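Take a look at the structure set out below.
Numbering (the working numbering), first residue to last: -3 to 55.
In structure tokens, the structure reads:
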């Protein structure tokens, strides 16, 4: 699930980059998009790390 969230965060950031041409304030838009996608990416990395910690080593 963490990897899926990480991919979605990157796709969200890249797709919103194209909308800056229609925005009245592209700098504020990209700040907000960066904060949201960065937060989602951070949560997904934590989920990946905790998932790897709980995994048993192969015998």
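Yeah, the Cβ is synthetic: ideal placement off N, Cα and C, and Gly gets one too.
Being a predicted model, the structure only gives us computed values, none of them experimental.
DSSP three-state call for residue i: helix, strand or coil?
| i | result |
| --- | --- |
| residue -3 | coil |
| residue 17 | helix |
Would you mind stating whether residue i and residue j have Cβ atoms separated by less than 8 Å?
| i | j | result |
| --- | --- | --- |
| residue 2 | residue 41 | yes |
| residue 44 | residue -2 | yes |
Going by Cα to Cα distance, which pick from the options is closest to residue i?
| i | options | result |
| --- | --- | --- |
| residue 5 | 28, 46, 52 and 51 | 28 |
| residue 0 | 39, 25 and 54 | 39 |
| residue 30 | -2, 45, 13 and 20 | 13 |
| residue 10 | 51, 33, 54 and 52 | 33 |
If residue i and residue j are in contact, beta carbons under 8 Å, what's the gap, nearest whole angstrom?
| i | j | result |
| --- | --- | --- |
| residue 25 | residue 16 | 6 Å |
Tell me which residue opens and which closes the alpha helix (DSSP H) that residue i is part of.
| i | result |
| --- | --- |
| residue 50 | No alpha helix (DSSP H) contains residue 50, which DSSP labels as neither H nor E. |
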